[in-house]
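A.B. asks:
So this is what it looks like as structure tokens:
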């Protein structure tokens, strides 16, 4: 079944966020930021070249307002970002450097995801993908981190809750890096289910992405981490979606679903060590779409997060959009070959099964 899938993008402004613009010409040019603007630009251009843009409903982005930002972030943090935006280089937090005036682009990124929520809520589209930059899932209440300035997915969740009848929102984060931002923001909040599937690793000051981090107070049990071993591929992610994510969503019964859609679990990504192919991303998307259709009238928005390989990232994203829309945009994806050359990526090994089973037990405890 073909669906009306919307696409919102601030692609015209990707380039203004370049780290290189923050340095005067008499300095040595720095190395490129791994979150290069041309990666997202190539994704947009691929959609244009294949005629995909003509099959999607265009959604115009708009800047997030201060009132909307304060639903998630503190007033002190917003003031700091605003002040630094007029300086040559701003620092939102560890690994989150931004150039002069580029906070405006972060506002457009967050506002773009909220525009996608609006379009779904108004019935203009069945679901939507926000191809925006910069990403957001590492940003916490009082700081940014890891290329992220504002937490786009969390802002979208709060924005959805501003609509009558939208009380419970689920955030599913399959970026290869832990979704620490939503975890911290909704740590004591039972109205938002925060579920992160990521490569098991140490991020920031402590490893907050383990199975032990479940939430606190009213939020106890509403934060779920699935820290997968490096090398996990399509088969592992399929099991996680079917045995952890879908049961968690069914138990939680969300009114709206947000997916923090990182593409850096892709098999060629330089900042991850996972083995997901375009068909794996399509399968994950299809499963979440079907869950959304059963549970919340299909209300679903995916927002772009990581993805750092210049060549393959757009094709991973193409798989996601195929899953969202139900269409086939490319009969032979050139980056699908990886899955057929490494047999272990198509199976679930014992150490991977152990993590999946532990996460499943936690998912079944959700109310």
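In our numbering, the protein residues as written are 1485 to 1851.
Virtual Cβ for every residue (Gly too), placed ideally from N, Cα, C.
In this text, all values refer to a predicted model and were calculated from it rather than measured experimentally.
Alpha carbon to alpha carbon, how far is residue 1612 from residue 1545? Give it in angstroms, no decimals.
C.D. replies: Here residue 1545 refers to the residue found at position 61 of the chain shown. Here residue 1612 refers to the residue found at position 128 of the chain shown. Cα-Cα distance, rounded: 12 Å.
A.B. asks: Once you ignore the five residues that flank residue 1822 on each side, which residues in its own chain have a CB closer than 8 Å to its CB?
C.D. replies: On the chain shown, residue 1822 is found 338 positions in, with the first residue counted as 1. 1751, 1752, 1759, 1761 and 1829.
A.B. asks: Taking buried to mean at least 16 other C-beta atoms within 10 Å of its own C-beta, is residue 1672 buried or exposed?
C.D. replies: Start at 1 with the first residue of the chain shown, and residue 1672 comes out as number 188. With fewer than 16 Cβ atoms within 10 Å of its Cβ, residue 1672 is classed as exposed.
A.B. asks: Using C-beta distances below 6 Å, list every residue in its chain close to residue 1742, excluding the 5 sequence neighbours before and after it, in chain order.
C.D. replies: Within the chain shown, numbered from 1, the residue matching residue 1742 stands at position 258. 1637, 1640, 1641, 1655 and 1785, listed in sequence order.
A.B. asks: Quick one: complete beta strand (DSSP E) runs, 3+ long, within the region 1710 to 1765?
C.D. replies: 1740 to 1745
A.B. asks: What's the C-alpha gap between residue 1564 and residue 1557?
C.D. replies: Looking up residue 1564 in the chain shown gives position 80. Looking up residue 1557 in the chain shown gives position 73. In a straight line, the C-alpha of residue 1564 is about 11 Å away from that of residue 1557.
A.B. asks: State the Cα-Cα distance for the pair residue 1725 and residue 1772, rounded to the nearest angstrom.
C.D. replies: As a first step, residue 1725 must be located in the chain shown, where it is residue number 241. As a first step, residue 1772 must be located in the chain shown, where it is residue number 288. Spanning the two alpha carbons is a distance of roughly 8 Å.
A.B. asks: Between the region 1688 to 1703 and the region 1730 to 1740, can you find at least three pairs of beta-carbon atoms closer than 8 Å?
C.D. replies: no
A.B. asks: By the three-class DSSP mapping on this structure, what secondary structure does residue 1682 have?
C.D. replies: As a position in the chain shown, residue 1682 is number 198, starting the count at 1. Reduced to three states, the DSSP call for residue 1682 is strand.
A.B. asks: Cα separation between residue 1623 and residue 1575?
C.D. replies: Your numbering for residue 1623 matches position 139 in the chain shown. Your numbering for residue 1575 matches position 91 in the chain shown. If I take the Cα positions, the gap works out to 12 Å.
A.B. asks: For the alpha helix (DSSP H) containing residue 1672, list its first residue and its last residue.
C.D. replies: Residue 1672 sits at position 188 when you count from the first residue of the chain shown. Premise fails: residue 1672 is in no alpha helix (DSSP H) and is neither H nor E.
A.B. asks: Let me know if residue 1797 comes out buried or exposed under the rule of 16 or more other beta-carbons within 10 Å of its beta-carbon.
C.D. replies: Here residue 1797 refers to the residue found at position 313 when the chain shown is read from its first residue. By the 10 Å Cβ count, residue 1797 comes out buried.
A.B. asks: For residue 1701, which three-state DSSP category applies?
C.D. replies: Taking the chain shown and counting its residues from 1, the one referred to as residue 1701 is at position 217. Three-state result, residue 1701: helix.
A.B. asks: Mind checking who residue 1653 pairs with in its DSSP beta bridge?
C.D. replies: In the chain shown, residue 1653 corresponds to position 169, counting from 1. Paired residue(s): 1676 and 1740.
A.B. asks: Based on Cα-Cα distance, which residue from 1766, 1731, 1649 and 1531 lies nearest to residue 1747?
C.D. replies: Working through the chain shown from its first residue, we reach residue 1747 at position 263. Residue 1766 is the option with its Cα nearest to residue 1747.
A.B. asks: Go ahead and pull the three-state DSSP assignment for residue 1612.
C.D. replies: Along the chain shown, read from residue 1 onward, the residue named residue 1612 stands at position 128. It is a strand residue.
A.B. asks: Residue ranges of each alpha helix (DSSP H) run of no fewer than 4 residues wholly in the region 1508 to 1568, ordered along the chain?
C.D. replies: Counting only runs of at least 4 residues, the region 1508 to 1568 fully encloses the following alpha helix (DSSP H) elements, listed from N- to C-terminal order: 1521 to 1533, 1550 to 1553 and 1559 to 1568.
A.B. asks: What residue range does the alpha helix (DSSP H) around residue 1639 cover?
C.D. replies: If you number the chain shown from 1, residue 1639 lands on position 155. Residues 1636 to 1645.
A.B. asks: Assign residue 1857 to buried or exposed, taking buried as 16 or more other Cβ atoms, counted over all protein chains shown, within 10 Å of its Cβ.
C.D. replies: Residue 1857 lies beyond the range of the chain shown here (1485 to 1851); nothing can be said about it.
A.B. asks: When DSSP builds the beta bridges, which residues end up paired with residue 1784?
C.D. replies: Translated into positions along the chain shown, residue 1784 becomes position 300. Looking at the DSSP assignment, residue 1784 forms a beta bridge with 1611 and 1741.
A.B. asks: Measuring CB to CB, does residue 1663 end up less than 8 Å from residue 1682?
C.D. replies: Here residue 1663 refers to the residue found at position 179 when the chain shown is read from its first residue. Here residue 1682 refers to the residue found at position 198 when the chain shown is read from its first residue. Their beta carbons are under 8 Å apart, which means residue 1663 touches residue 1682 by this criterion.
A.B. asks: For residue 1835, which residues from the same chain have a beta carbon less than 8 Å from its beta carbon, with the 5 sequence-adjacent residues on both sides left out?
C.D. replies: The sequence position of residue 1835 within the chain shown is 351, counting from 1. Answer for residue 1835: 1713, listed in chain order.
A.B. asks: Which residue from 1578, 1591, 1543 and 1580 puts its Cα closest to that of residue 1566?
C.D. replies: For the purposes of this step, residue 1566 is taken as the residue at position 82 of the chain shown. Nearest option by C-alpha distance: 1591.
A.B. asks: Under 6 Å Cβ to Cβ from residue 1794, same chain only, skipping five residues before and after it: list those, please.
C.D. replies: Position 310 of the chain shown, counted from the first residue, corresponds to residue 1794. Here the set comprises 1523.
A.B. asks: Measuring straight from C-alpha to C-alpha, what distance separates residue 1629 and residue 1535?
C.D. replies: Within the chain shown, residue 1629 is the residue found at index 145, counting from 1. Within the chain shown, residue 1535 is the residue found at index 51, counting from 1. Our two residues, residue 1629 and residue 1535, have alpha carbons roughly 35 Å apart in a direct line.
A.B. asks: Exposed or buried, what is residue 1646 when buried is set at 16 or more other beta-carbons lying within 10 Å of its beta-carbon?
C.D. replies: By one-based count along the chain shown, residue 1646 stands at place 162. Counting Cβ neighbours within 10 Å, residue 1646 comes out exposed, since fewer than 16 surround it.
A.B. asks: According to DSSP, simplified to helix, strand and coil, what is residue 1839?
C.D. replies: Here residue 1839 refers to the residue found at position 355 of the chain shown. The answer is helix: DSSP assigns residue 1839 an H, G or I state.
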